[in-house]
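Let me begin by presenting the structure, written as structure tokens, before commenting on it.
In the UniProt record's numbering, the protein residues as written are 1 to 286.
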């Protein structure tokens with residue numbers, strides 16, 4: 001999927017005040033919309049509704065699958081809007097059913113009283129790395145650089161439950177809300193793979209075939225403004241897996257070492273119910 005296609009999904013059509021029609025693209029993954037795209041759209045819709053502030057954080061729960069081929073609608077409900085902060089609830093509905101909901105905090109700019117930030121890991125620059133040959137379903141390969149000998153698709157490539165990835169989105173433009181949406185989209189794509197890495201025989205290529213995976217909830221917090229057209233380092237790791245679930249966290253840095261965002265994810269990694277593949281009835285997996 002090209003960067004241009006990603007940008008199209010964030011170009012939301014406002015139908016009435018606070019209500020937006022979404023665009024989806026087919027990731028080739030069972031005809032469902034990627035959770036990272038849904039949270040990215042929530043972020044952009046919230047920023048369009050509260051235009052005098054920028055998104056500080058967002059947390060979404062994905063309760064029902066969202067089908068790619070059907071239209072969906074995002075509705076924004078403003079809980080509070082003041083001088084410094086605004087809080088909104090964003091919900092996505094499809095076919096008369098609510099599928100996902102997010103709480104989004106927006107903020108105005110204020111001067112520092114204190115300041116510190118985590119340091120970026122010491123990693124090779126994007127120019128020192130090869131393009132990711134397998135690509136990813138949300139970005140073209142020339143915009144992805146995976147650090148180290150990591151292949152989350154290979155069921156026999158075992159390693160620690162973390163990875164570091166450079167990503168960028170050329171032609172992203174200068175809209176801060178779109179940049180936040182693109183960063184969010186990228187933050188959701190690797191943590192399930194990180195959780196699978198230490199365990200032989202369960203690489204991401206086996207997901208939806210031999211076992212069931214899915215993003216249940218995803219959160220992102222933004223600290224600084226950034227340019228999505230330049231390289232961003234995603235440093236991420238799964239800190240827990242068990243009982244059919246997994247949890248992971250990550251930080252995002254500019255190539256100059258500035259921490260610009262953090263994220264976390266709750267996911268499902270389990271046997272198919274009753275040991276049976278849900279092929280043809282994937283919308284019941286949750």
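Even for Gly, the Cβ is constructed at its ideal location relative to N, Cα and C.
Backbone secondary structure at residue i - three-state DSSP
i: residue 59; result: strand
i: residue 265; result: strand
i: residue 8; result: helix
i: residue 271; result: coil
i: residue 137; result: In this prediction, residue 137 has a pLDDT of 41, which is less than 50 and means its spatial position is unreliable; what the coordinates show is noted afterwards. If DSSP states are grouped into helix, strand and coil, residue 137 belongs with coil.
i: residue 77; result: strand
i: residue 14; result: strand
i: residue 50; result: coil
i: residue 288; result: This structure cannot speak to residue 288, because the chain is shown only from 1 to 286.
i: residue 113; result: coil
i: residue 118; result: coil
i: residue 242; result: strand
i: residue 40; result: helix
i: residue 72; result: coil
i: residue 3; result: helix
i: residue 90; result: strand
i: residue 207; result: strand
i: residue 45; result: helix
i: residue 130; result: coil
i: residue 224; result: coil
Anticipated Cβ contact below 8 Å, residue i with residue j, distance rounded
i: residue 232; j: residue 117; result: About 15 Å; that fails the 8 Å criterion.
i: residue 249; j: residue 61; result: The pair is not a contact, with the Cβ atoms about 17 Å apart (cut-off 8 Å).
i: residue 170; j: residue 3; result: 6 Å
i: residue 187; j: residue 272; result: So it is not a contact: roughly 27 Å between Cβ atoms.
i: residue 254; j: residue 226; result: 6 Å
i: residue 54; j: residue 12; result: Not really, about 17 Å apart at Cβ, beyond 8 Å.
Minimum C-alpha distance to residue i - residue among the options
i: residue 110; options: 56, 25, 7 and 241; result: 56
i: residue 46; options: 160, 145 and 178; result: 178
i: residue 153; options: 192, 144, 123 and 130; result: 192
i: residue 242; options: 108, 267, 228 and 120; result: 267
i: residue 41; options: 31, 58, 53 and 52; result: 58
i: residue 8; options: 222, 37 and 17; result: 37
i: residue 184; options: 128, 221, 94 and 247; result: 221
i: residue 104; options: 155, 195, 218 and 256; result: 218
i: residue 125; options: 147, 115, 211 and 108; result: 147
i: residue 107; options: 223, 24 and 247; result: 223
i: residue 210; options: 270, 228 and 168; result: 270
i: residue 71; options: 240, 208, 156 and 32; result: 32
i: residue 18; options: 51, 212, 94 and 24; result: 51
i: residue 159; options: 121, 112, 265 and 195; result: 195
_the segment 192-206 contacting the segment 82-91, beta-carbon criterion three pairs below 8 Å_ = no
*asked:* Using a Cβ distance threshold of 8 Å, determine whether the segment 60-77 contacts the segment 94-114, with at least three qualifying pairs required.
replied: yes
_Within the segment 152-201, ranges of the alpha helix (DSSP H) (whole runs, at least 4 residues)_ = 176-187 and 191-196
*Is the number of C-beta pairs between the segment 226-240 and the segment 155-170 that are closer than 8 Å three or more?*
yes
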